Amino acid sequence: MTKGTQVRGGLVLFAALLVTSFLPTPGIAQAQDSSGGVHPGVPSAVELLARVDANEVYDSITYEGEMVIEYQGKRFLKVFKAAGRGNTDSFVEFLNPEDRGTRYLKKEGRLYVYSPDTESIMLISGHLLKESMMGSDLSYEDTIDNDTLSARYTPVLAGSEEVKGRRSWVLELTARKRTESYPKRKLWIDAGTGELLRMEMYALSGAKLKEYELIRSERIGNRYFPVEFVMRDLLRKDSRTFFRMRNVVLDARIPDSVFSMRNLRK
Amino acid sequence: MIRRELIGIAFRNLSRHRVKTIITVTGVAVSVALYIFMDAWLLGMNLDSKRNIVSYEIGAAKIQTQAYFEKKDDLPMYESFSNWKPIVQALEEGGYVAAPRMVFSGTLYSRSGSAPMVFHGVDPKAERKVLRYSNYLEVGRFPQGGTFEMAVGLLAAEKLKLHIPQKITVKELEEKLLRMALHPDEEAFVRRLYEHKLYRTSGETGKRGEGQLVEGVYFLRRDVSREELNRFWDLLLSSGENDVRISTVIDIKEESGKIRHVYQVMEGKVVGIINSPNPKTNGNVAYLPLDVLSGEAGLLLEDQVTEILVRGASAKDGSLPKPDETPEAIVESLKRVGYSLPPTLRVYSWMDYVKDYIAASRQDDVTTRIMILLLFILSFLGIANTMLMAILERTREIGMMRALGMTDGELILSYLFEAGMIGLIGGIVGMVLGSVANIPMVNYGVDYSSMARELSGDFGYRITALFRSAWNPGTIIGSGIVATLISALLSIPPILRALKMPVTESLRFE
Chain X
1205 MTKGTQVRGG LVLFAALLVT SFLPTPGIAQ AQDSSGGVHP GVPSAVELLA RVDANEVYDS
1265 ITYEGEMVIE YQGKRFLKVF KAAGRGNTDS FVEFLNPEDR GTRYLKKEGR LYVYSPDTES
1325 IMLISGHLLK ESMMGSDLSY EDTIDNDTLS ARYTPVLAGS EEVKGRRSWV LELTARKRTE
1385 SYPKRKLWID AGTGELLRME MYALSGAKLK EYELIRSERI GNRYFPVEFV MRDLLRKDSR
1445 TFFRMRNVVL DARIPDSVFS MRNLRK
Chain E
819 MIRRELIGIA FRNLSRHRVK TIITVTGVAV SVALYIFMDA WLLGMNLDSK RNIVSYEIGA
879 AKIQTQAYFE KKDDLPMYES FSNWKPIVQA LEEGGYVAAP RMVFSGTLYS RSGSAPMVFH
939 GVDPKAERKV LRYSNYLEVG RFPQGGTFEM AVGLLAAEKL KLHIPQKITV KELEEKLLRM
999 ALHPDEEAFV RRLYEHKLYR TSGETGKRGE GQLVEGVYFL RRDVSREELN RFWDLLLSSG
1059 ENDVRISTVI DIKEESGKIR HVYQVMEGKV VGIINSPNPK TNGNVAYLPL DVLSGEAGLL
1119 LEDQVTEILV RGASAKDGSL PKPDETPEAI VESLKRVGYS LPPTLRVYSW MDYVKDYIAA
1179 SRQDDVTTRI MILLLFILSF LGIANTMLMA ILERTREIGM MRALGMTDGE LILSYLFEAG
1239 MIGLIGGIVG MVLGSVANIP MVNYGVDYSS MARELSGDFG YRITALFRSA WNPGTIIGSG
1299 IVATLISALL SIPPILRALK MPVTESLRFE
């Protein structure tokens, strides 16, 4: 698995992060817990995280999606279609009447947005990257992650817990570099299927910033692919975003023209 | 002698055509008065704005990296610099005061809401030496070093409900304010601060006062003392009502040049509210100690700052920077004490940071002067018309005076005196009117605080409430002289035209 063939679908939003393998748990041999003790029959933290990463790998993805944003008693529906390819390319076009024609293009790690109102393209950079995307609980920064968790974090197995009746392993991740957006994460991984059931993201100070929770995944090929989840930005009062994907197609060929500036401006 | 007679003739002519004279004089007077008034107003606003920028916002100059200055509107904290202490020391040895700062943007969350803010990490002691906004605390105190305390602008405090409420519902009083009282004395104290007012809703006819008597609201009593407010503020602080969170992104430049963004959340407490004469300090800004921003609990700072503010050590409050406070003078002074700034650092004048103010000022200046110029043109057209008509009406009279031996030069001079007197009288009246109108504007000003609040204090000028005029003797005297001279000159073309006519034809002119 080379880096070049990995896909974290940027604007495929967190999907790539959340894809988990349906394969039987391979790493159940022995593991080190946070205290350094070795426990036979318990998967190692590194292996668990590698499985999460491995489950994210695909060449391309297309799907139709919707975000239901619940914010302080109000409800907003965003409908879109999306395509992603490789580590850096993705394209999203919004179709709901309020945002029709708004398009996002992630190309070579840079994120551009086209606004039909001003008929202009803007590069999302700097502090704008931490702003909420389309009023959701996801930031622009969240959408342009493009490296595996294993490469960026050091995992520690923190135990096992039940999540909605499913047995799961709990991983605590600490960023390898001080420049990581979320210096700490906590993952709950299904012990049987390897699905990422829950995830918490933390700021440098240790304050919890966001929560992810899986609602439903679909078996696509040899993966359990998360097609419905909820995200909460804990700094936003009374806010959560439901994310649903339909007609997911993985590893099909997508023409280069989809990920072009011309397509963004069309 | 002849000139005195000519002046006499001019006076008689003015009194013979009294109505025309009065109308023309009025036109000139209004133009001059308006010009003096507007000029004084603009001058006052500009002077106050400049003083407020220097005293509360920037100081005389800033030291920043060139890269930061070029992107300063984005607040690029990754273009900060370290090893600033020797610079501050050298500045102090050279006769300046200096204040290091780390400026960054983020969102401030209170229990009631959130607001985007610009945060200033400051050294409280050094900051007080350079800027004076910390003297204008609406309530509370300036943060102390080593703590996550902060002072915020009044507008942000009101938006985030971090201030002492002026008006509060019965429910809010019971649920929020009284709940924080730890014992009956404190509860009684809080109740004493507010007075309860009942009111009637509008009745079926829609008239106020006809409907039902409703529970009403509590208003902060007008006679609450400063001590009572501070005691109430301490109660708010101890109850946790002013606990806040700062959400920001730490921008870090990697060796490859790529900018990475690390999420950070810091817990803090608002201990003071700033309401200075400069609206920039009262908006969505917060000041917190620089020292707490180092390390993982802060912004991962390793002795970095984004700027050093500089002011002359002997500079007086409210004065504009002197020649020894220019960037060039500061650099020279540093050299004199044996310190050279690193090549990446530059000293920038305060004027390099206030383009919004300069743009607003220039636009207002140009617009106002064009309007006044048009008024001047209108009134001088009136003078030209008056003189033209007067000369036409008096063509036979001119012919007769020429026949009696009056030279062309004497005739031109007499009409120059006549028109000049209209300008002089109008100018003097205008100067008096303009000056009289200026007296209350200079002494009391006009309260624009509501407009400033509507615009969140961000309308270019650095004035929060009172727009005051300033005396400008040069303009007052000059406008009278200019009015006299232009009026006189405007009489020349029609009199020259009349003098071209032969005397015999002038005498027969109907």
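Top to bottom, those sequences are chains X and E. Residue numbering for the first sequence is 1205 to 1470, as defined by the working numbering. Residue numbering for the second sequence is 819 to 1328, as defined by the working numbering. We treat Cβ as the ideally placed atom computed from N, Cα and C, and that holds for glycine. Since we're looking at a predicted model, the values are computed, not measured.
**Study point:** Closest Cα partner of residue 1292 of chain X within the set X:1365, X:1441, X:1265
**Key:** For the residues X:1365, X:1441, X:1265, the minimum Cα distance to residue 1292 of chain X belongs to X:1265.
Practice item. With DSSP collapsed to three states, give me the class of residue 889 of chain E. Key: If DSSP states are grouped into helix, strand and coil, residue 889 of chain E belongs with coil.
Point to revise | residue 1195 of chain E burial status per 10 Å Cβ neighbour count (16 or more: buried) | key: The residue in question, residue 1195 of chain E, is exposed, as its Cβ has fewer than 16 Cβ neighbours within 10 Å.
Exercise for review: Using a Cβ-Cβ cut-off of less than 9 Å, give me the residues of the segment 1379 to 1398 of chain X that come near chain E, in sequence order.
Suggested key: Listed in chain order, the positions of the segment 1379 to 1398 of chain X with a beta carbon within less than 9 Å of a beta carbon of chain E are 1379, 1381, 1382, 1383, 1384, 1385, 1386, 1387.
Point to revise | the segment 947 to 956 of chain E contacting the segment 870 to 881 of chain E, beta-carbon criterion three pairs below 8 Å | key: Touching, yes, given that three or more Cβ pairs across the two stretches are closer than 8 Å.
Point to revise | DSSP three-state assignment for residue 864 of chain E, whether helix, strand or coil | key: It is helical.
Check your understanding: How many angstroms separate the CA atom of residue 1456 of chain X from the CA atom of residue 1425 of chain X?
Key -> The alpha-carbon atoms of residue 1456 of chain X and residue 1425 of chain X are separated by roughly 12 Å.
Practice item. Quick one: give me the first and last residue of the alpha helix (DSSP H) that residue 1301 of chain E is part of. Key: Note, residue 1301 of chain E: alpha helix (DSSP H), 1291 to 1308.
Exercise for review: Check each candidate in E:881, E:1081, E:1319, E:1118 and name the one with the smallest Cα separation from residue 1164 of chain E.
Suggested key: Of the candidates E:881, E:1081, E:1319, E:1118, the residue whose Cα lies closest to the Cα of residue 1164 of chain E is E:881.
Check your understanding: residue 1362 of chain X versus chain E: which residues are under 9 Å apart at the beta carbon?
Key -> Those within 9 Å of residue 1362 of chain X in chain E number zero; the least Cβ separation is about 20 Å.
Review point. In angstroms, rounded to a whole number, what distance separates the CA positions of residue 1453 of chain X and residue 1415 of chain X?
Key: Distance between the alpha carbons of residue 1453 of chain X and residue 1415 of chain X is about 26 Å.
**Study point:** First through last residue of the beta strand (DSSP E) which encompasses residue 1249 of chain E
**Key:** In the DSSP assignment, residue 1249 of chain E falls outside any beta strand (DSSP E) and within the unbroken alpha helix (DSSP H) covering 1226 to 1261.
Check your understanding: Under 9 Å between C-beta atoms, does residue 1210 of chain X make it to chain E?
Key -> Note that residue 1210 of chain X scores 37 on pLDDT, short of 50, meaning its location in the model is unreliable; the coordinates nonetheless yield the value given after this. It does not; no Cβ of chain E falls within 9 Å.
Check your understanding: Hey, is the segment 842 to 850 of chain E in contact with the segment 1354 to 1368 of chain X, meaning 3+ C-beta pairs nearer than 8 Å?
Key -> With a cut-off of 8 Å, the segment 1354 to 1368 of chain X and the segment 842 to 850 of chain E do not count as touching, because too few Cβ pairs lie within range.
Point to revise | Given residue 1096 of chain E as reference, the closest of E:1320, E:971, E:1061 once Cα atoms are compared | key: Ranking E:1320, E:971, E:1061 by Cα distance to residue 1096 of chain E puts E:971 first.
Practice item. To the nearest angstrom, report how far apart residue 1340 of chain X and residue 1323 of chain X are at their CA atoms. Key: Rounded to the nearest whole angstrom, the C-alpha separation of residue 1340 of chain X and residue 1323 of chain X is 23 Å.
Review point. Considering only residues of the same chain and omitting the five flanking positions on each side of residue 1256 of chain E, which have a CB-CB separation below 8 Å?
Key: Setting aside the 5 residues that flank it on each side, residue 1256 of chain E is surrounded in the same chain by 854, 855, 858, 1287, 1289, each with a C-beta closer than 8 Å to its C-beta; the list follows chain order.
**Study point:** Own chain residues within Cβ distance below 6 Å of residue 1240 of chain X, not counting five before or after
**Key:** Confidence at residue 1240 of chain X is low in this model, with a pLDDT of 48, below 50, so the placement of that residue should be treated as unreliable; the coordinate-derived value is given next. Closer than 6 Å at Cβ, skipping near neighbours: no residue.
Check your understanding: For residue 1445 of chain X, which three-state DSSP category applies?
Key -> Of the three classes helix, strand and coil, the one that applies to residue 1445 of chain X here is strand, per DSSP.
Check your understanding: Between residue 1235 of chain X and the rest of its own chain, which residues show a CB-CB distance below 6 Å, the 5 nearest in sequence each way excluded?
Key -> Model confidence at residue 1235 of chain X stands at a pLDDT of 46, short of 50, so the residue's coordinates are unreliable and nothing is read from them.
Review point. Cβ of residue 1217 of chain X less than 9 Å from any chain E Cβ?
Key: Legend: pLDDT at residue 1217 of chain X = 41, less than 50; position of this residue unreliable, value from coordinates given subsequently. No, no contact with chain E.
**Study point:** Minimum C-alpha distance to residue 1380 of chain X - residue among X:1374, X:1373, X:1389
**Key:** Among X:1374, X:1373, X:1389, the Cα nearest to that of residue 1380 of chain X is on X:1389.
Practice item. For the segment 1428 to 1451 of chain X, enumerate the residues whose C-beta is nearer than 7 Å to any C-beta of chain E, in chain order. Key: Taking a C-beta cut-off of 7 Å against chain E, the contacting residues of the segment 1428 to 1451 of chain X are 1439, listed in chain order.
**Study point:** 8 Å Cβ cut-off: residues of chain X touching residue 938 of chain E
**Key:** At a beta-carbon threshold of 8 Å, none of the residues of chain X lie near residue 938 of chain E; the nearest stands roughly 16 Å away.
Practice item. Show which residues of chain X have a CB atom less than 9 Å away from the CB atom of residue 1065 of chain E. Key: Ordered by position in chain X, the residues that pass the 9 Å Cβ test against residue 1065 of chain E are 1334, 1407, 1411, 1413, 1439.
Point to revise | the segment 1065 to 1081 of chain E contacting the segment 968 to 986 of chain E, beta-carbon criterion three pairs below 8 Å | key: With a cut-off of 8 Å on Cβ pairs, the segment 1065 to 1081 of chain E is not in contact with the segment 968 to 986 of chain E, counting fewer than three such pairs.
Check your understanding: Do residue 956 of chain E and residue 938 of chain E have their C-beta atoms within less than 9 Å of each other?
Key -> Taking 9 Å as the Cβ cut-off, residue 956 of chain E and residue 938 of chain E do not qualify as a contacting pair.
Exercise for review: Select from the segment 1068 to 1089 of chain E all residues with a C-beta closer than 8 Å to any C-beta belonging to chain X, and list them in chain order.
Suggested key: Taking 8 Å as the cut-off between beta carbons, the residues of the segment 1068 to 1089 of chain E near chain X are 1068, 1069, 1070, 1072, 1077, 1078, 1079, 1080, 1081, 1082, 1083, 1084, 1085, in sequence order.
**Study point:** CB contact below 9 Å: residue 1228 of chain X versus chain E
**Key:** The pLDDT assigned to residue 1228 of chain X is 30, lower than 50, so where the model puts this residue is not dependable; a value taken from the coordinates is nonetheless given after this. No, residue 1228 of chain X does not count as interfacial toward chain E.
**Study point:** Test: residue 1464 of chain X CB closer than 9 Å to a CB of chain E
**Key:** Residue contact with chain E for residue 1464 of chain X: absent (no Cβ-Cβ distance below 9 Å to any residue of chain E).
Review point. Does the distance from the CB of residue 1043 of chain E to the CB of residue 927 of chain E come in under 9 Å?
Key: With respect to residue 927 of chain E, residue 1043 of chain E sits apart: the two C-beta atoms are not nearer than 9 Å.
Check your understanding: With a Cβ-Cβ cutoff of 9 Å, do residue 1138 of chain E and residue 908 of chain E count as a contact?
Key -> Result no, Cβ atoms of residue 1138 of chain E and residue 908 of chain E do not sit closer than 9 Å.
Point to revise | N-terminal and C-terminal residue of the beta strand (DSSP E) that residue 1086 of chain E is part of | key: 1077 to 1092 is the extent of the beta strand (DSSP E) around residue 1086 of chain E.
Review point. Of all the CB atoms in chain E, is at least one closer than 9 Å to the CB of residue 1207 of chain X?
Key: Confidence in residue 1207 of chain X is poor, its pLDDT being 36 and thus under 50, which makes the residue's placement too unreliable to answer from.
Exercise for review: Let me know if residue 1461 of chain X comes out buried or exposed under the rule of 16 or more other beta-carbons within 10 Å of its beta-carbon.
Suggested key: Classification for residue 1461 of chain X: exposed.
Practice item. List the DSSP bridge partners of residue 1412 of chain X. Key: According to DSSP, which records beta bridges pairwise, residue 1412 of chain X is partnered with X:1406.
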